[in-house]
Every structure is written in C-alpha cells, then in structure tokens.
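Just below is one structure, and these are the notes that go with it.
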Amino acid sequence: MTPSDPLETRQIEAFQPSSEESPGDGRALSGNHQPQSSEVTGPKPVQIEGRLPKGHLLQDRYRILTVLAVGGMSAVYKAQDLRFSKVTRVCAIKEMISSAKAPDVRAMILRNFERETNILATLNHPGIVQVYDCFTDGDCSYLVLEYVRGKDLEAVLDETKGFLPEEKIVSWAIQICDVLSYLHSHEPRPIIFRDIKPSNVMLDEYGRIKLIDFGIAKMFQSGKKGTMIGTEGYSPPEQYQGLADPRVDIYALGATLHHLLSKRDPRLEPPFSFHKRPIHETNPNVSRELLDVVNKALEYDANNRYGSAEEMQRALTSLRSARDVAGTTAFGTSVTVGSEITPLWRFAFEDEVRSSPTVDNGTVYVGAYDHNLYALDAEAGEFLWKYPTDGGIASSPCVHDGIVFVGSSDRILYAVGARDGRIRWTCPTEDRIWSSPRAAFHHVFFGSDDRHLYAVNIQSGRIAWTFRTDGKVRSSPHVGDEAIYVGCEAGVVYAVDTGANVRWRFRARRGVTSSPVATDEMVYVGAHDRYVYGLDVRSGWLAWRYRTDGSVISSPAVSKGIVLVGSVDGYLYALDAESGRLIWRYGTEDQVTSSPAVHGDAVYFGSVDGSIYSLDTKTGNLRWRFQTDGPVTSSPAAVQGVIYVGSSDRYLYALPA
Amino acid sequence: MRFFRRLLGRESDSPPPPSPSAASETVPLPSRSEVGWATDVGRLRDHNEDTALVVTAAQDGDSPFPSFELLVLADGMGGHRAGEMASSVAARRAAYHITRQSYLPSLLDRQGDANRPALTEVLINAVQSANRAVSEEAPGSGTTLTCALILGSQAYIAHVGDSRAYVLTEGGLEQVTQDHSVADRLVDLGQITPAEAAVHPQKNVLYRAVGQSTALEVDTHVRKIGPGDYLLLCSDGLWGLISETDIVGLIRGASSLQEACEDLVIAANEAGGRDNITAMLWRAPRE
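Heads up: the sequence lines are chains A and B, in that order. Just so we're aligned, residue 661 is where the first sequence starts under my numbering, counting upward by one. Just so we're aligned, residue 146 is where the second sequence starts under my numbering, counting upward by one.
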C-alpha cells in the first residue's frame, strides 16, 4: 500500500525519533549540556575547609575526622563517636550556623530545629538516614547522623559515561517511593520531604538508597521571608506558592527520574518544561512504560499526577524493567501497626522448634529438636502427650485417619496414634529424614537423605514402593491429582505417578529443598539457585522463572493467582502465578526460610530476624508483626483464625490471625 | 483412562467389531484438540498483508506427552508490498525461534531444564527476533504479531499490535490481549469512551509494532484453556467489522473449526471487507 492510498488508514506513530535523525542528535544534545552542567553544580573543591579543624572535639564526644561538604551557612563533617570505646563508630555531623541576629528570632529557630530533629529522630526506615543526636553550641546547631558509605545520585550521574541502566533507575525510584509513602503516612501529620533531587539521594555500598538532608538547614537561612524550600528545576509549580502536599514530592521524583534518564539537568532548563523535551530526545532506549510513569509524575496540574507514592510505586513495580531487577526494589515498610498482638497461649519446649506445627481436630502436633513429637490442646495450649524419637525433629507431622506421621533425624518414620500417642508402626530408612510426610490414596509419601521417595501403606506400614532420585530428598512431596511432585538436593524436580513411574523431570541449576506446590496449570518450586520456578504441570517445561537474591528454601503457597514464597535474601515475594511477574515483595531484617501460610486475605510467615509477620496478600502491607526471642524458621499453620508457629526461642505460639 | 480403555478393548472378545458410530457412543474416542484458519484479502484491497502460520506436533504412545501447537498471526503494513513481506518474515522468524528453542530440544530430551529459557522468555525473544528480522529484510514496514504456543491445554501468548487473541468459554468471549493502538490507549487513560474510540481518527494508529524500533516491549499472557473452550486469533479486519456477539454465534454455529473460520471471513466480507481478514481457531480437547 502506498501512503497516499486512502484505504491504508493505519500508520505507525513515531514515538521514537526516526532512525535518520536520532543517534546523532541525541549525542550532540547530551554533549552540549555536559559542560554547562558541571558549571552549575560547581567543580568539586579538591580540599574543603570547614569551620572546625580536624581533631576538634565536640561535646567531649565527637572527634572531627574530615570535612565532607561545606555550604554557605552549613558544613558536614565526618566524625568519630568516642562514647563507643571498643569500636570505631563513625558518624556524620551537620553543622548549621545561625544567621539571625535578633535574640527572639534565634530562639524561635532553635525551637524549630529541636522540634524538627525530634520528629526526625522518631523516624525509622532503612531509606532514611538515622539521627543519633542533636545539640546547640553557641551560634551553631549540630545534627549527628548515620554515616552512609556511598555517593549521592548526582555524583553517580556525573561519573557515568553514557546512560544509566533503566532497571537501576527503576529500582531506585521504587525505593524512593517506599520512603515517601512512609513519610507521607506519618502521624499525626504527613512529612513532606520537599527537596527530592539527585544530590539528596545517597546510594550506599549495597546499592540501597537513603534520603539525606531533610531541609533542616533551610530553617537557618532565615531573614528572607518566603524562602522556598526545594530546588528550582525539580520543584513543581505549586511549591512556588508555598504549598506542600505529597504530590510535591511525586513531581520532584519525576523530575529526578527525568534527569537520571535523559541526563539533562533541569536546573539549566526553563522551569516545568519537561514535556517539551522528552527523554527520548537524548535517550531513545527508555521503555515506553517508564516514560508514561515519569510523565504522569511530572504533570503540571497536581491533580493529574499520581495521587500517592504508593500508587506511583505500584506503577513502577509493574514495569518489566522492575521485574528484571534482582535485589533492592523495595524496603519492607517499617512497623507501623503494632506489636500489640498478644499470643493466645505459648508452650515452652526443651529445645528449638524448627518443625512446623500441624493442627487436626482441635490438637496441635509439632516436633521439637528435643527429639519429641508433642500433641497439645489447640485451644488452651495444654500438653496432651509426647512421643520420644531418637533424633531431632525438623520435619512437620501430618495427620490422616487418626494417625500422626513424622520423620526424625534418627532415620525413622513414625506412625503414632493421634489420640493416645502410642506407636502404630515405624518405617526405617537408610538416612536422616528432613522431608515432611504427606498422606493420600491410603499411603504416606516422604523423602529421605538416602535419596529415595517412599510410599508406605498407612495401615500396615509396609513399603509399597520406593523411587530412587538423584540426590537427598529433603523437599516434601506434593500429592496432586495426577502425580506426586518432589525435589531433591541434586536439583531435580520429579513428577511421579502413583505407580512410581516418572511423568517428567525438571532440572534446576542447584538443589531443591523447597517443596513444590501444584495447581491445575502449574507446579511452583524454589531452588538454591535463587530462582522461583513456574513449571507446566503436564510437561515439566519451564513456563517462567523469577530470580531472587538468595536461595529459595521456603516452599511456595498459592492463593488467588498469587505465588507467595520467601528467600534467603530476606524478602517475601508475591509473584503473578501466570507470568511470574513481581506483584510486591516485603523485606524483613533477615533470611526468610519459613514457608508462608495463607489464611483469609492474609499471609503469615517467620523470618530469621525473630519476627512472625502477617501481611495483606494483595498489597503486601503489614498487618502485624510479632517478635519472638529467636530466629523463626518454622512455618506457620493457620486454622480457624489462629496462627500456630514455633520459634528457636523454644516456644510454640498461638497468635490471633 | 486411555490405558484402561485399551485393556478393556483387548479383553472384549465375542462381539464383532462395532461400527464407528456405535463405538463412539459406547466408548468415546479420545478427544483431541482441533485447529482451523482462514485468511482473505477482503473486498477493497488488492493484496493480502496478513499472514497465518500454524505448527502442530504431537507425540502419543506408551508415554504420551502434551501436544505442542503454535498459532502465529501477523498483519503487516507499509507501501510497495512491504506489508506482506513484514508479516511473512515476522511470522516465520517467530515460529522458527519458538520451535527451535522449545519444541526441537524436547525431541532429544523431554526433561525440563533451567539452563533452557523459560517459555515466556522464548516467546518474548521470538518476537524480538522477528522485530530485528523485519527491520533488516523489510525496512520501513511494520507488522502486528500475535503468537500462541499451546502446550497441552495451556496457552502461552506473546503479542504486539492490534491483532487480538480471545478465549471463548461457556461464559462468553474474553479478550486476552490489549491493542497497542493510540485510540485504545486513550480509552485506558479515560480520555475517550470505547464508543468514541471506534470512530476515532487514530483508531488504527499503532504505538507499538514489530519492525519499528530496536527496543520492543512484548506483552505476554498465560491462559489455561478449559475442556472444549476456544482460542481465537484474528486481525482487525475481523474484529473491526463484526460484533463480538456475531463472532460467538458463528463459532458456536459451525460444525467444525475450519468452517467457523471461513464463516467469520465471509461475515467480515459481507460487512464491507474493508481490510484483510484472518481468523485462527483452536479448541481444547473435551476430556
């Protein structure tokens, strides 16, 4: 069809510059701007001199080591806190010199300073620099802050040849949104940062971002009325009228992203002109979807921007470039809801509880490292009976037809009467048992370190068959409609039918300790190679995979199209069951090896940080967090509004869901 | 099931072999998936810029394996016969990539392997490979590209442009893919209504197409197709001309999938046939 043909109504809109003009133009543009850019930001002084000399002692406590930065009325020093005599604790000290002469104005400034620092000191978010101390000494006020090893994004931008990878920028943006939503939801009043720009965002040595400079210094530049807090070029129109609501920060984040992606410094351009100089002009490789997000954040009218940082974060996390990012896309939101959760009861054992409890018919069954299988009354937590094995129990019991099955590191599978705790039969294997048994089709299925999957008759305890795998079987079998799915330490996942014939095998790159879970369509499983795998249930073909930053030992749970699974990188992940796309993830302070349990609209899991978490399954928002005194590797059992979970502090807790 | 049926078949001794119709009443034959397609130049154009490509592979026997079926639809655009060149290159390149990356290795070793790309990755790579091929072999042109790889009864779909994939169930027709047209985007943004989109001047303007840029975003979807349900791929020459109700009626009313596809093309021609028309249908086994 020729273009003049009236029938050819379809065309392709050139959102990207056409190939004839783009590459040359792009380079020329960014080249032209660079010299100007360094002029404005100023060549970094080689040697900076502060008001305080090196070695100066403040408050008899902080020894000045070096000067980090000097501004008009302020300076930042690197200092050592001498209070900690055994270790070298380094901090950053911000010095602010009061310019006001009138005593009452000065008093007011000091009061403001104290009030603001007090607010800052109560903030607790990994993306906010911590405030350790503050004091006033003569004309100067000081803020003692966490020292962040790293550099700010302006420096990162200056040092990068070419363009920064989109995934990195998206990851930073998601993290900044996380900090902003934390600040914006601050009680009693939201905190508006008001000055998001590359130089106020630090990137630490782990690639995590931290916001610095809460504009406190600005309070000291008094005298001029209506001094705008913010930075020309990054601030939205309404901020010039002194207005500040959360959408001010959204705009400034948009401006920061525009700068990072296009490498065009907004301070050198007419204000609010972002839409006139699309990112594609200099950087044609940015995805259309990300451009949409940035443009929406940069809408002139605040009503057309994202309504909240959460909304913008959701848009960012749904990008394909966010999916590819392994690592730091979001922090866990800090605990805002309470530790007011009180256990219904707790039961003390003689050793750690690593095994996950099972609840059946009003009784909780759990194995402890003290070698015993316990039965407790689910309602009151009272002891009913215990059965001693000859090894620690780390596998979880299962109950079927009035019999409790549990494997022990003494190599034996035990079948014990659920009521009386009396032994029915035992099934010895050749090595230790960490795999948890599952009962179905009149058989109990479990794995052993002797590399076999066992099928044992429930009533007689006779072995119906064994299936030899390629490695130790610590994964627990999943019994589906058509097959039994199990992994092994050699990294192979098997689909075996009830006659011990292999339907299919899938080979991961490293061991599979995680237990598979199967739906009508897919089998989900984690591996030590850091991946969560979605496998086609009938062929075992890899449908999708999602990479975390640590071994995935935790076993997935599936609920309403979401796969939930923990990783040793400290996060609980929520992935789209169809595509493997990240929906949200929640960061704890240590490894998540516990397997999540879904109950109602919430997901429950433990972390090695000692906490048991309850999150909203859809959003990943924290519902509550309960702190125990030891790592929680046990997986929760959720039954009728009660969460049962063990901890290395030797307690089994019953918590209200 | 099949195993038992075969055993029973062997044991059945005395009665003479029943007629095929009688057999299907007593012991139903194993249900297989079906496929049909039709493409037509339409009434007003002088050549067809649509390409339909079908690959089906199955393995049966003692250890059956899910069937592998691939439907690819591309609708090209560009002057001087570049449009059909673009759609043909894109469809062939995508099919080549998908079969080579997913099906051919399984003939040597059926085991799933983390060292092979995941199916969703294979599909995205296939469309991107098609994108490069179109830029090289038919520069200045472009094409839509919708690929549906069906493994057993699970469909993995990759999509760019405004051709569409629908799933038809008892509950009705569900559009799986999203059009990458400016008008559709405006509807998404709440700027115009769907009714306004249908007559919008930019109705046919694509903001994403194969062959247009080096970096191409590819949408992917995974859908389980229930027993007896349909998957429909079609170009805008079909969905732009006849209503969803008519599409459903024609599919349900036909005696075979091939007939259904032909009926759809005829209906689009009767409605004006303003553009090239392609319909591709796949139906899941009834179990």
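Yeah, the Cβ is synthetic: ideal placement off N, Cα and C, and Gly gets one too. All values reported here derive from a predicted model rather than from experimental measurement.
Amino acids of chain B, ordered along the chain, whose beta-carbon sits closer than 8 Å to that of residue i
i: Y1191 (chain A); result: A259
i: R980 (chain A); result: E362
Contacts around residue i, its chain only, beta-carbon distance under 7 Å, and the 5 residues preceding and following it disregarded
i: I829 (chain A); result: L917, L920 and L921
i: R1170 (chain A); result: G1151, A1187, H1188 and D1189
i: I788 (chain A); result: V839, K870 and L871
i: D1011 (chain A); result: A1028, Y1029, D1030 and R1310
i: A227 (chain B); result: A283, G285 and S286
i: A413 (chain B); result: G382, L383, L386, I387 and I422
i: G187 (chain B); result: G382, N414, G418, R419, D420, N421 and I422
i: A1143 (chain A); result: A1155, V1156, D1157 and R1163
i: I269 (chain B); result: A303, V363 and T365
i: A1298 (chain A); result: A1257, H1259, Y1264 and A1317
i: P931 (chain A); result: E892 and G893
i: K738 (chain A); result: L725, T726, L728, V750, A752 and Y807
Sequence-distant residues of its chain with Cβ nearer than 6 Å to residue i (five each side left out)
i: T196 (chain B); result: A219, S232, S233 and A236
i: Q299 (chain B); result: K369
i: A1040 (chain A); result: none
i: F934 (chain A); result: H918 and L958
i: S1271 (chain A); result: R1285 and Q1287
i: D408 (chain B); result: L395 and A399
i: F773 (chain A); result: S801
i: V1223 (chain A); result: Y1184, P1216, L1235 and A1237
i: H716 (chain A); result: I724
i: W1125 (chain A); result: A1115 and A1160
i: D1109 (chain A); result: D1091, R1092 and K1132
Neighbour list for residue i in chain A, Cβ cutoff strictly below 7 Å
i: Q299 (chain B); result: E1181 and D1196
i: D367 (chain B); result: Note that residue 367 (chain B) is Val in the sequence shown, not Asp. A1203, E1238 and S1239, listed in chain order.
Proximal residues of chain A, C-beta to C-beta of residue i below 8 Å
i: P211 (chain B); result: D1196, R1198 and S1199
i: T265 (chain B); result: A1203, W1204, S1239 and G1240
Same chain, Cβ closer than 8 Å to residue i, five either side skipped, listed in chain order
i: G1200 (chain A); result: V1153, A1155, R1163, W1164, R1165, F1166 and V1183
i: H844 (chain A); result: P850, I851, I852, P906, D909, S968 and A969
i: E865 (chain A); result: R809 and G810
i: T338 (chain B); result: V332
i: G1290 (chain A); result: E1012, G1270, S1307, S1308, D1309 and R1310
i: T777 (chain A); result: V791, C794, L803 and I876
i: R1084 (chain A); result: I1063, A1075, V1076, G1077 and G1121
Chain B contact residues for residue i, given Cβ-Cβ distances below 9 Å
i: N945 (chain A); result: T359 and A360
The ligand ATP heavy atom lying under 7 Å from the CB of residue i
i: T314 (chain B); result: The ligand ATP is not part of this structure, which contains no ligands at all.
Using a Cβ-Cβ cutoff of 8 Å, what residues of the segment 238-263 of chain B are near chain A? List them in chain order.
S247, S251, R255, Q256, G257, D258, A259, N260, R261, P262 and A263
Should the segment 1139-1156 of chain A be called in touch with the segment 233-248 of chain B, which here means at least 3 C-beta pairs below 8 Å?
no
Within 8 Å, do at least three Cβ pairs link the segment 1203-1214 of chain A to the segment 370-380 of chain B?
Segment contact: the segment 370-380 of chain B against the segment 1203-1214 of chain A, fewer than three CB-CB distances shorter than 8 Å; contact not assigned.
Are the segment 1178-1186 of chain A and the segment 261-275 of chain B touching by the rule of at least three beta carbon pairs closer than 8 Å?
Contact fails between the segment 1178-1186 of chain A and the segment 261-275 of chain B, because fewer than three Cβ pairs, one in each stretch, are under 8 Å apart.
Check whether the segment 850-858 of chain A touches the segment 802-810 of chain A, taking contact to mean three or more Cβ pairs, one atom from each stretch, closer than 8 Å.
The segment 850-858 of chain A vs the segment 802-810 of chain A: no contact.
If you measure beta-carbon to beta-carbon, which residues of the segment 296-327 of chain B are closer than 9 Å to chain A?
L296, G297, S298, Q299, Y301, D307, S326 and V327
Evaluate contact between the segment 379-386 of chain B and the segment 306-319 of chain B, counting only Cβ atoms and requiring at least three cross-stretch pairs below 8 Å.
yes
Anything in the segment 1165-1176 of chain A with a Cβ closer than 7 Å to a Cβ of chain B? List those residues in chain order, please.
So the close ones are R1165, F1166, R1167, A1168 and R1169.
Given 8 Å, three or more beta-carbon pairs between the segment 384-400 of chain B and the segment 188-202 of chain B
No: fewer than three Cβ pairs fall under 8 Å.
Give me the subset of the segment 946-970 of chain A whose CB atoms are less than 7 Å from a CB atom of chain B, sorted by chain position.
S947, R948 and E949
Cβ contact check for the segment 818-838 of chain A and the segment 944-961 of chain A: 3 or more pairs under 8 Å:
yes
Tell me whether the segment 1275-1290 of chain A and the segment 1233-1245 of chain A touch, counting them as touching only if at least three CB pairs, one residue from each stretch, are closer than 8 Å.
yes
Continuous alpha helix (DSSP H) assignments of at least 4 residues falling wholly in the segment 796-875 of chain A
813-819 and 826-844
List, from N- to C-terminal side, the alpha helix (DSSP H) runs of 4 residues or more that fit wholly inside the segment 1008-1094 of chain A.
none
Determine contact between the segment 208-217 of chain B and the segment 289-303 of chain B, defined as no fewer than three beta-carbon pairs at a distance below 8 Å.
Touching, per the Cβ criterion.
Which ranges would you report for the beta strand (DSSP E) in the segment 184-248 of chain B if only whole runs of at least 3 residues count?
195-204 and 210-222
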